[in-house]
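This report concerns only the one structure given below.
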Amino acid sequence: MTTGQSRSKRFAGDTGINVSFEFFPPKSEKMEKTLWDAVRRLEPLSPNFVSVTYGAGGSTRERTHNTVSRILSETTLCPAAHLTCVDATKEEIDTVIRGYHEIGVRHIVALRGDSAEGAGGKFQAHNSGYVSSYDLVAGIREIGDFEVSVSAYPEKHPKSPDFASDIDMLKRKIDAGATRAITQFFFDNEHYERYLERVRAAGISIPIVPGIAPVHDFRKLSNFASKTGASVPDWLARRFDGLENEAETHRLVAAAVAAEQVLDLVELGIQDFHFYTMNRADLVYAICHLLGLRPHTHQAA
Ligand code: FAD
Numbered sequence: 143m144t145t146g147q148s149r150s151k152r153f154a155g156d157t158g159i160n161v162s163f164e165f166f167p168p169k170s171e172k173m174e175k176t177l178w179d180a181v182r183r184l185e186p187l188s189p190n191f192v193s194v195t196y197g198a199g200g201s202t203r204e205r206t207h208n209t210v211s212r213i214l215s216e217t218t219l220c221p222a223a224h225l226t227c228v229d230a231t232k233e234e235i236d237t238v239i240r241g242y243h244e245i246g247v248r249h250i251v252a253l254r255g256d257s258a259e260g261a262g263g264k265f266q267a268h269n270s271g272y273v274s275s276y277d278l279v280a281g282i283r284e285i286g287d288f289e290v291s292v293s294a295y296p297e298k299h300p301k302s303p304d305f306a307s308d309i310d311m312l313k314r315k316i317d318a319g320a321t322r323a324i325t326q327f328f329f330d331n332e333h334y335e336r337y338l339e340r341v342r343a344a345g346i347s348i349p350i351v352p353g354i355a356p357v358h359d360f361r362k363l364s365n366f367a368s369k370t371g372a373s374v375p376d377w378l379a380r381r382f383d384g385l386e387n388e389a390e391t392h393r394l395v396a397a398a399v400a401a402e403q404v405l406d407l408v409e410l411g412i413q414d415f416h417f418y419t420m421n422r423a424d425l426v427y428a429i430c431h432l433l434g435l436r437p438h439t440h441q442a443a
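The structure is reproduced here in structure tokens:
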């Protein structure tokens, strides 16, 4: 059986730029179609991997699994499954991990997660569960030969007292076996630059892949950003000001904003990008095109 990892290498592009795409598991048939349209549109860009999120409180366990499984069996893509420690015993989580291993998944994005009230809520470890992200990373590595990615927060996690605690947590996750960090989205590249300096100064050398969120809906994204600790600069708000009912212009501005952000990061020497697609392909496809990525045609494995 061809694993996703070897497939991703086989189709690697020659631009030096590596991208990955994040999707969320669909709740309805209509959303399922939207997701799969996006997957099919982005697949020829040969991303390094595509990840599928895990709903708060493990609420999408089945749907995440089904989506990951379908990506593995019906596409050439290399899926990474998100997994959190919330509201589950170690045994339950280990069953999920083993299930992924059995179907050929070799990459997990390991997270502590949030309580059922969502981002910003107080996290309470389950009595018989993994106590936090670093514990989950260690558990995953013990179970199988998984690549493990974790989160990182250029503006620090909203519950974190300071940057030092945030970077300590990242170190613990790396000591437990994580080999890549994907950042929370941010709009001001200076946050990422300063964070990268801090992380490197702390002796951390794993890739810290910037998470890029194209602005499909400025109002919704700003509301979400306030819960995740990502700041929304005034200059960004001004760019979208007055475009609430101007879908086409909003889309063009969003493409320009994201292009400016990623191209500035390329200037800084960044070559890996993780896109929060929101299950929509258009903006991400356009930005990838600007990054020099071109579709490859190949047969599904
Ligand atoms: P950790 O890395 O364990 O901790 C984050 C920070 O919080 C630490 O740096 C630390 O400073 C602070 N902290 C942690 N524990 C404590 C404590 N006990 N006391 C004080 N400070 C503490 N959520 C989902 O539900 N499903 C997903 O699929 C998902 N995918 C994500 C993907 C990415 C790339 C990112 C960046 C986030 C994702 N999240 C997801 C959100 C994430 O679950 C939340 O941000 C959650 O609050 C923290 O989980 P974590 O693994 O990032 O935490």
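For my numbering, count along the sequence shown from 1 and bump the result up by 142. Note that CB positions come from ideal geometry on N, CA and C, so glycine has one too. Only a predicted model underlies this, so the values are computations on that prediction, with no experimental measurement involved.
Distance CB(residue 249)-CB(residue 291) smaller than 8 angstroms: yes
Under 8 angstroms between C-beta atoms of residue 367 and residue 374: yes
Rounded straight-line distance, which links the Cα of residue 300 to that of residue 369: The C-alpha of residue 300 is placed about 8 angstroms away from the C-alpha of residue 369.
Per DSSP, cross-strand counterpart(s) of residue 235: Per DSSP, none; premise fails for residue 235.
Buried versus exposed call for residue 297 [16 or more other C-beta atoms within 10 Å across all chains shown]: With a threshold of 16 other beta carbon atoms within 10 Å, residue 297 meets it and is buried.
Residue 176 versus 379, 237, 302, 423, residue with shortest Cα-Cα distance: 423
Classification of residue 256 by the beta-carbon crowding that lies within 10 angstroms, buried from 16 upward: buried
Segment limits, alpha helix (DSSP H) that includes residue 426: 424 to 432
Three-pair Cβ contact test at 8 angstroms for the region 281 to 288 versus the region 307 to 317: In short, these stretches do not touch, since the Cβ pair count stays below three.
Member of 266, 288, 265, 272 whose CA lies at the smallest distance from the CA of residue 241: 288
Burial state of residue 266 (16 or more Cβ within 10 Å): exposed
Separation of residue 436 from residue 225, as counted between CA atoms: 31 angstroms
Three-pair Cβ contact test at 8 angstroms for the region 195 to 210 versus the region 266 to 275: no
Straight-line gap, residue 227 to residue 178 (C-alpha atoms, nearest Å): 28 angstroms
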